[in-house]
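Worksheet: the structure to be examined is printed underneath.
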Amino acid sequence: MTQRPSITLIGGGLVGALLARQLARRGFAVEVFEKRPNPRHAGFLGGRSINLALAERGLQALRTAELADEVLQHAVMMRGRMVHAPDGTRGLQRYGVDDSEVIWSASRSALNMLLLDAAEASGVRFHFGQSLVDADFTQGRIRLADETGTTRWHDAGLLIGADGAGSALRTAMNAHAPLGERIEPLGHGYKELEIPSAEALSPGLLHASGGQGQFAIEPHALHIWPRGGYMCIALPNAEGSFTVTLFLPAHGAYPSFATLPDVAAARAFFAADFPDLLPLVPRFDADFDGHPTGTLSTLYLDRWHLEGRALLVGDAAHAIVPFHGQGMNCGFEDTVTLTELLAATPGDSAGVFAEFQRIRQPNANAIAAMALENYVEMRDSVADPHYLAKRALGAKLAERAPQHFMARYRMVTFTHLPYSYALERGRMQDALLEDILRDTPDADAVDLDAAARMLQARLSPLPAQLRHE
Numbered sequence: 009m010t011q012r013p014s015i016t017l018i019g020g021g022l023v024g025a026l027l028a029r030q031l032a033r034r035g036f037a038v039e040v041f042e043k044r045p046n047p048r049h050a051g052f053l054g055g056r057s058i059n060l061a062l063a064e065r066g067l068q069a070l071r072t073a074e075l076a077d078e079v080l081q082h083a084v085m086m087r088g089r090m091v092h093a094p095d096g097t098r099g100l101q102r103y104g105v106d107d108s109e110v111i112w113s114a115s116r117s118a119l120n121m122l123l124l125d126a127a128e129a130s131g132v133r134f135h136f137g138q139s140l141v142d143a144d145f146t147q148g149r150i151r152l153a154d155e156t157g158t159t160r161w162h163d164a165g166l167l168i169g170a171d172g173a174g175s176a177l178r179t180a181m182n183a184h185a186p187l188g189e190r191i192e193p194l195g196h197g198y199k200e201l202e203i204p205s206a207e208a209l210s211p212g213l214l215h216a217s218g219g220q221g222q223f224a225i226e227p228h229a230l231h232i233w234p235r236g237g238y239m240c241i242a243l244p245n246a247e248g249s250f251t252v253t254l255f256l257p258a259h260g261a262y263p264s265f266a267t268l269p270d271v272a273a274a275r276a277f278f279a280a281d282f283p284d285l286l287p288l289v290p291r292f293d294a295d296f297d298g299h300p301t302g303t304l305s306t307l308y309l310d311r312w313h314l315e316g317r318a319l320l321v322g323d324a325a326h327a328i329v330p331f332h333g334q335g336m337n338c339g340f341e342d343t344v345t346l347t348e349l350l351a352a353t354p355g356d357s358a359g360v361f362a363e364f365q366r367i368r369q370p371n372a373n374a375i376a377a378m379a380l381e382n383y384v385e386m387r388d389s390v391a392d393p394h395y396l397a398k399r400a401l402g403a404k405l406a407e408r409a410p411q412h413f414m415a416r417y418r419m420v421t422f423t424h425l426p427y428s429y430a431l432e433r434g435r436m437q438d439a440l441l442e443d444i445l446r447d448t449p450d451a452d453a454v455d456l457d458a459a460a461r462m463l464q465a466r467l468s469p470l471p472a473q474l475r476h477e
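Here is the structure:
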């Protein structure tokens, strides 16, 4: 039996902790170096969104690590998008066909700590407060600095970077041999606010908002206030609050973050554009003033690895914008693929790293493209009559011919179909819907038998072994 190499992971966040757990369970000796202090002792340090959307791909990765059931105990089910129109009306757009197709809102901090505990229980050794400052890839060692600035060298073995979009390992690898890095800013930023639990709001506001139990608004939905070019969303937290995120252009004409110079301007903007949301955010001034304005970008690399010496995974290799809720799910999917490859041929790290990139890179590029498209859909299209007609027709065709039609969102969110397949298939299906609705723009007036025949003539059946039914 080929001896398993020791593995050094940089980054103890979500992907790093889950990958460490996966590898340790397959017999690898794993050490993890994380620049932050241990969140279980020092508290979870913010700076990134506190909400995560957990979907089937991420759940499957957690199942392979025997953690899915425990994670779901602390998550809130979301059936679909609750769209809040400017006139105050709202309506639910389901993600799937029924409650077997839902996504889950999970706390980043709680999930990270759960994964850290699970990895340690599998034998992983964590070193917190240790920042990567240099790497000698020829000698296979890294230089680390602690909180005091004291540095030391560490023999790395196989080196894997799961240290996020600002990866220190990627910087070191790129300095050693250019990786073909391209960072494409979205030009939009985000700001987080909070809707507190129902008990913190007055009874009048609670009644007007349609809240349920401890939640001030419908808990089992991802709420969207689309305003064309910008939007707010809100995701539920298990304790009854909601995390609200404003997505807005960073610069340019009003409204943009550049044209909201202070809290007073921001409050006036919300009062005009989100009048039903503002009363639900009692700490608006403190939240807007105290929370940083985040930036959004997409990361592309030509190369994810240096032969068999170092590899990047998760956001360190392919950070994306958050509008499909798939960043974590994609990273978790990485851990399953990489663990299987390393367990199958532990003595061929160069071959494993190359095969990992061959399999995952087209899918990472595909979900990056779909996440960018989904931002436009969320902020603009969800209230557009033509989009709604296509959505309604797609649902009818999925029911009439399920072997040939599945909405792209369902392929991405509720199946294990490769992202690259979902992207291409989704484009072909969208072209078909456009053709059908060109002559009959009302979905209810479409001849479904004729549409189904057209569908079956133009598109091959969905992969049977991967179709979610």
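Numbering (our numbering), first residue to last: 9 to 477. Using N, Cα and C, we set each Cβ at its ideal position, and we do this for glycine too.
Closer than 8 Å: residue i CB and nearest the ligand GTP heavy atom
i	result
Gln30	Although the ligand GTP was asked about, the structure shown includes no ligands whatsoever.
Bounding residues of the beta strand (DSSP E) (the contiguous stretch that carries residue i)
i	result
Pro257	250 to 257
Phe277	Element bounds for Phe277: not the beta strand (DSSP E) but the alpha helix (DSSP H), 271 to 281.
Glu202	190 to 203
Arg151	149 to 153
Leu17	15 to 18
Leu1	This structure cannot speak to residue 1, because the chain is shown only from 9 to 477.
Pro244	239 to 244
N-terminal and C-terminal residue of the alpha helix (DSSP H) that residue i is part of
i	result
Phe413	That residue, Phe413, is in no alpha helix (DSSP H); it is neither H nor E in DSSP.
His184	176 to 184
Leu70	64 to 72
His228	Unbroken run through His228: none, as it is neither H nor E.
Ala465	456 to 466
Ala372	357 to 387
Val23	22 to 33
Ala50	47 to 50
Own chain residues within Cβ distance below 8 Å of residue i, not counting five before or after
i	result
Gln464	Ala409, His412
Leu456	Lys404, Leu405, Arg408
Pro47	Leu53, Ser117, Asn120, Met121, Leu124
Bridge partner(s) assigned by DSSP for residue i
i	result
Gln101	Arg89
Tyr395	None, per the DSSP bridge assignment.
Tyr2	Given that the chain is displayed from residue 9 to residue 477, the structure contains no residue 2 and the question cannot be resolved.
Phe136	Glu42
Ser113	Ala61, Val84
Thr159	Ala153
Gly434	According to DSSP, Gly434 bridges with nothing at all.
Ile232	Val91, Ile241
Asp144	Arg149
Proximal residues to residue i (C-beta, below 6 Å), its chain only, five neighbours per side dropped
i	result
Phe36	Arg12, Ile15
His231	Met90, Ala242
Arg56	With a pLDDT of 49 at Arg56, under the threshold of 50, the modelled position of this residue cannot be trusted, and the question is left open.
Ala118	His82
Thr253	Tyr198, Glu200, Ile241
Asp293	Val271
Asp142	Arg151
Glu155	Gly137
Cut-off 7 Å between Cβ atoms - residues of its own chain near residue i, not counting five sequence neighbours on either side
i	result
Arg317	Phe145, Gly148, Leu167
Leu349	Val360, Glu363, Phe364
Asp322	Before going further, note that residue 322 is Gly rather than Asp in the sequence given. Contacts found: Val23, Ala170, Gly339, Asp342.
His196	Phe255, Leu256, Pro257, Ala258, Leu304
Asp284	His92, Gly96
Ala459	Leu405, Ile444
Ala358	Glu315, Gly316
Ser130	Arg29, Ala32, Arg33
Leu26	Ala69, Ala73, Leu123, Phe340, Thr343
Closer than 9 Å to chain C by CB, residue i
i	result
Phe292	Absent from the structure is chain C; it holds one protein chain and no more.
- prompt: With contact counted as at least three CB pairs below 8 Å, one residue from each stretch, are the segment 404 to 419 and the segment 363 to 376 in contact?
  reply: no
Validate contact between the segment 195 to 209 and the segment 178 to 186 using beta carbons, cut 8 Å, 3 pairs: no
message: Can you confirm whether the segment 256 to 266 touches the segment 305 to 314 when touching is taken to mean that 3 or more C-beta pairs between the two stretches lie within less than 8 Å?
response: no
- request: Take every Cβ of the segment 321 to 340, pair it with every Cβ of the segment 382 to 389, and state whether three or more of those distances are shorter than 8 Å.
  value: yes
message: My parser needs the beta strand (DSSP E) runs of 3 or more residues fully inside the segment 280 to 355; what are they?
response: 302 to 308, 318 to 320
- request: Say whether the segment 129 to 140 touches the segment 20 to 38, bearing in mind that this needs 3 or more beta-carbon pairs closer than 8 Å, one atom from each stretch.
  value: yes
- prompt: Is it a yes or a no for the segment 170 to 181 touching the segment 71 to 86, going by three-plus beta-carbon pairs under 8 Å?
  reply: no
Cβ contact check for the segment 387 to 399 and the segment 294 to 308: 3 or more pairs under 8 Å: no
message: With three or more C-beta pairs closer than 8 Å as the rule, is the segment 58 to 78 touching the segment 341 to 357?
response: yes
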